Amino acid sequence: MEALAMKDSAISQNGTERTLYPYVTGTSVIGMKYKDGIIMAADTGGSYGSTLRYKSLERIKSIGKHSLLGASGEISDFQELLRYLDELVLYDNMWDDGNSLGPKEVHNYLTRVMYNRRNKFNPLWNSLVLGGVKNGQKYLGMVSMIGTHFEDNHVATGFGNHLARPILRAEWREDLSFEEAVKLMEKCLLVLLYRDRSAINKFQIAKITEEGVTISQPYALKTHWGFSAFQNPSKGAEGSW
Amino acid sequence: MARFDTNVPTKGGFSFDLCQRNDMLVKKGLQPPTFRKTGTTIVGLIFQDGVILGADTRATEGPIVADKNCEKIHFMAPNIYCCGAGTAADTEAVTDMVSSQLQLHRYATGRESRVVTALTLLKSHLFSYQGHVSAALVLGGVDITGPHLHTVYPHGSTDTLPFATMGSGSLAAMAVFESKFKEGLTKDEGVQLVSEAICSGIFNDLGSGSNVDVCVITKGHTEYLRNHQLPNPRTYVSSRGYNFVKGHTEVLSAKITPLKPKAESTEVDAMEE
Numbered sequence: 163m164e165a166l167a168m169k170d171s172a173i174s175q176n177g178t179e180r181t182l183y184p185y186v187t188g189t190s191v192i193g194m195k196y197k198d199g200i201i202m203a204a205d206t207g208g209s210y211g212s213t214l215r216y217k218s219l220e221r222i223k224s225i226g227k228h229s230l231l232g233a234s235g236e237i238s239d240f241q242e243l244l245r246y247l248d249e250l251v252l253y254d255n256m257w258d259d260g261n262s263l264g265p266k267e268v269h270n271y272l273t274r275v276m277y278n279r280r281n282k283f284n285p286l287w288n289s290l291v292l293g294g295v296k297n298g299q300k301y302l303g304m305v306s307m308i309g310t311h312f313e314d315n316h317v318a319t320g321f322g323n324h325l326a327r328p329i330l331r332a333e334w335r336e337d338l339s340f341e342e343a344v345k346l347m348e349k350c351l352l353v354l355l356y357r358d359r360s361a362i363n364k365f366q367i368a369k370i371t372e373e374g375v376t377i378s379q380p381y382a383l384k385t386h387w388g389f390s391a392f393q394n395p396s397k398g399a400e401g402s403w
Numbered sequence: 040m041a042r043f044d045t046n047v048p049t050k051g052g053f054s055f056d057l058c059q060r061n062d063m064l065v066k067k068g069l070q071p072p073t074f075r076k077t078g079t080t081i082v083g084l085i086f087q088d089g090v091i092l093g094a095d096t097r098a099t100e101g102p103i104v105a106d107k108n109c110e111k112i113h114f115m116a117p118n119i120y121c122c123g124a125g126t127a128a129d130t131e132a133v134t135d136m137v138s139s140q141l142q143l144h145r146y147a148t149g150r151e152s153r154v155v156t157a158l159t160l161l162k163s164h165l166f167s168y169q170g171h172v173s174a175a176l177v178l179g180g181v182d183i184t185g186p187h188l189h190t191v192y193p194h195g196s197t198d199t200l201p202f203a204t205m206g207s208g209s210l211a212a213m214a215v216f217e218s219k220f221k222e223g224l225t226k227d228e229g230v231q232l233v234s235e236a237i238c239s240g241i242f243n244d245l246g247s248g249s250n251v252d253v254c255v256i257t258k259g260h261t262e263y264l265r266n267h268q269l270p271n272p273r274t275y276v277s278s279r280g281y282n283f284v285k286g287h288t289e290v291l292s293a294k295i296t297p298l299k300p301k302a303e304s305t306e307v308d309a310m311e312e
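These protein sequence lines are chains A and B, in that order. Going by our numbering, the first residue of the first sequence is number 163, and it counts up by one from there. Going by our numbering, the first residue of the second sequence is number 40, and it counts up by one from there.
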């Protein structure tokens with residue numbers, strides 16, 4: 163009875179709370195492998211319910227020397243994760259043994275953190291995309307808020323799963339050059355911009371190769387609204403919409 | 040009906056009379072019967088000379104595929120076709136009904152049916168049933184005023200669009216359309232794009248599958264390409280099928296019982312005709 167009551171109310175006797183729903187959310191992140199490494203893109207918007215509260219959030223960050231982390235979902239939980247990862251990388255550096263955490267290790271750490279939090283009914287409300295290159299090996303994986311994790315050649319979170327992955331499944335190839343990968347990425351981002359209500363026209367594309375990380379400055383995509391059918395939609399059907 | 044004034048004639052539309060009783064039954068634990076949904080990908084686009092409609096062919100009943108090769112592109116008029124998503128019975132019934140109404144209208148007016156006529160008949164019917172007729176349609180055709188493409192939603196709202204997708208696979212198909220659609224496509228480009236969008240739905244959405252149906256409508260001519268693409272062929276292990284050779288199964292014992300019944304012939308009267 164006690165346990166049930168505690169589960170049902172967010173605030174128990176000692177005042178601790180569980181995450182019930184997200185407040186400030188980021189929308190989709192798309193990631194894919196290309197010839198030299200991993201390329202990842204996300205827009206810079208943070209929605210507060212149905213309003214676009216923040217328009218300059220960086221949702222892709224570099225972790226250590228070999229990884230890139232992109233997150234969608236609750237932004238405060240993403241920031242908390244970054245603190246955990248900072249601590250992890252710091253402790254790793256303190257060993258001073260010339261070895262550093264690769265993307266596979268960081269992915270595993272994130273999976274454990276997310277799954278453990280879900281087991282306590284207090285999840286970190288994020289879908290994470292983790293990509294990186296170490297010793298020539300490219301790695302791209304995803305972790306969801308309940309701890310589901312997998313590795314693939316291209317991943318997407320949120321709406322990207324429905325809108326971007328069909329395109330990637332049809333058009334992704336193993337040996338994409340950087341320019342081709344960016345073009346493919348922009349194709350997916352444009353569809354998301356048209357059809358996802360919480361997407362904004364301000365994107366950052368990040369790439370990671372053996373050499374290092376580059377996160378681009380935010381930029382906008384060109385949209386096309388000039389269909390002749392949009393000029394007068396009810397032509398021929400007067401009074402309809 | 041008891042609370043209505045008997046002088047007012049009953050009109051069509053959703054009758055709320057049984058809602059209270061249904062609520063009571065649900066509270067007592069009754070599971071209402073489920074519908075067969077089409078869990079679909081349907082698309083339409085306007086090209087140079089007219090309209091092209093496309094649909095997949097899978098009908099689902101929850102997690103089971105009920106029909107592997109159903110027809111989702113319904114005939115409305117010789118120059119108007121309609122793709123349907125949602126509850127299969129609803130899409131069939133509503134398109135059949137409007138198709139008959141259009142034919143009667145053609146006899147009355149002596150003219151070719153217009154797409155807006157079908158549109159108005161559909162939307163007023165669906166609206167009066169307040170969304171309980173679960174039919175989401177892509178209506179396309181070419182009439183005297185030109186090519187038209189509309190989407191109709193279960194609650195009765197409509198959109199007039201140059202390209203449209205509906206159903207559970209609509210996002211996968213829309214991703215293809217948004218990245219590749221241009222105005223003024225030729226017939227072959229249009230059919231190719233429609234097939235690509237349906238295939239995207241078939242392979243990326245669990246509610247859609249099997250084959251691709253396409254319908255090309257131009258001024259004065261309609262081409263219904265049933266099973267235009269079959270991207271999910273069934274591969275049999277052996278073309279000869281199964282072969283059970285006599286003697287492969289050991290016979291332990293045999294007992295033969297004659298099937299002649301022990302009937303007693305008594306005097307019976309002839310059957311009443």
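Yeah, the Cβ is synthetic: ideal placement off N, Cα and C, and Gly gets one too. Please read these numbers as outputs of a predicted model, since none were measured by experiment.
Backbone CA spacing between residue i and residue j [nearest angstrom]
i, j, result
"B:LEU161", "B:LEU224", "29 Å"
"B:GLY246", "B:PHE283", "37 Å"
"A:PRO395", "B:VAL181", "16 Å"
"B:PHE55", "B:GLN169", "11 Å"
"B:VAL177", "B:MET205", "7 Å"
"A:LYS384", "A:THR376", "23 Å"
"B:TYR120", "A:PHE392", "23 Å"
"B:ALA94", "B:CYS238", "9 Å"
"B:ASP135", "A:ILE222", "53 Å"
"A:TYR301", "A:GLU249", "22 Å"
"A:HIS311", "A:GLY232", "14 Å"
"B:PHE43", "A:LYS217", "In this prediction, B:PHE43 has a pLDDT of 49, which is less than 50 and means its spatial position is unreliable; what the coordinates show is noted afterwards. When rounded, the distance between both Cα atoms is 56 Å."
"A:ARG180", "A:ASN288", "15 Å"
"A:ALA167", "A:ALA326", "With a pLDDT of 47 at A:ALA167, under the threshold of 50, the predicted position of this residue should be treated as unreliable, though the coordinate-derived value follows. The alpha-carbon atoms of A:ALA167 and A:ALA326 are separated by roughly 42 Å."
"A:ILE237", "A:PHE365", "17 Å"
"B:VAL90", "B:ILE256", "5 Å"
"A:MET202", "A:TRP334", "14 Å"
"A:ASN270", "B:PHE53", "55 Å"
"B:LYS219", "A:ARG331", "15 Å"
"B:LEU232", "B:ALA212", "10 Å"
"B:HIS144", "B:ILE85", "26 Å"
"A:ALA165", "B:ALA132", "Because A:ALA165 carries a pLDDT of 48, less than 50, the predicted location of this residue cannot be relied on, and the following value inherits that uncertainty. Each residue's Cα considered, the two are about 51 Å apart."
Three-state secondary structure (DSSP) of residue i
i, result
"B:ASN271", "coil"
"B:THR159", "helix"
"B:GLU222", "coil"
"A:ALA165", "With a pLDDT of 48 at A:ALA165, under the threshold of 50, the modelled position of that residue is not reliable, and the figure given next carries that caveat. Residue state, collapsed to three classes: helix."
"A:PHE365", "strand"
"A:GLN299", "strand"
"A:THR181", "coil"
"A:ASP314", "coil"
"B:ILE241", "helix"
"A:SER390", "helix"
"A:ASN288", "strand"
"A:SER190", "coil"
"A:GLU348", "helix"
"A:LYS195", "strand"
"A:THR385", "coil"
"B:SER139", "helix"
Counterpart residues of residue i in DSSP-defined beta bridges
i, result
"B:ALA124", "B:ALA175"
"B:HIS113", "B:CYS121"
"B:LEU84", "B:ILE91, B:PHE202"
"A:THR138", "For chain A, the structure presents residues 163 to 403; residue 138 of chain A sits outside this window and is missing."
Chain-ordered neighbours of residue i on chain C, where CB pairs are closer than 7 Å
i, result
"A:SER390", "You won't find chain C in this structure, because its protein chains are A and B."
- Task: Specify whether the stretch 355-374 of chain A and the stretch 203-210 of chain A touch according to this definition: at least 3 beta carbon pairs, one from each stretch, less than 8 Å apart.
- Result: yes
- Residues of the stretch 117-134 of chain B with Cβ closer than 7 Å to any Cβ of chain A, in chain order: none
- Message: Which residues of the stretch 165-177 of chain B have a Cβ closer than 8 Å to any Cβ of chain A? Give them in chain order.
- Response: none
- Message: By the 8 Å beta-carbon criterion, what residues does the stretch 85-104 of chain B contribute toward chain A?
- Response: ILE85
- Item | Residues within the stretch 275-293 of chain A neighbouring chain B, beta-carbon criterion of under 7 Å | none
- Given 8 Å, three or more beta-carbon pairs between the stretch 286-300 of chain B and the stretch 254-265 of chain B: no
- Query: Counting Cβ pairs closer than 8 Å, one from the stretch 78-93 of chain B and one from the stretch 117-129 of chain B, do we hit at least three?
  - Reply: yes
- Just checking, does the stretch 266-283 of chain A make contact with the stretch 196-206 of chain A on the three C-beta pairs under 8 Å criterion? no
- Do three or more CB pairs link the stretch 270-280 of chain A to the stretch 298-318 of chain A at distances below 8 Å? yes
- Task: Could you please tell me which residues of the stretch 322-342 of chain A, in chain order, have their CB closer than 8 Å to any CB of chain B?
- Result: HIS324, LEU325, ALA326, ARG327, PRO328, ILE329, ARG331, ALA332
- Query: According to a CB-to-CB cut-off of less than 8 Å, which residues of the stretch 201-225 of chain A neighbour chain B?
  - Reply: none
- Stretch pair the stretch 141-160 of chain B + the stretch 220-234 of chain B: three plus CB contacts closer than 8 Å: no
- Give, in chain order, every residue of the stretch 271-301 of chain B whose Cβ lies closer than 9 Å to some Cβ of chain A. none
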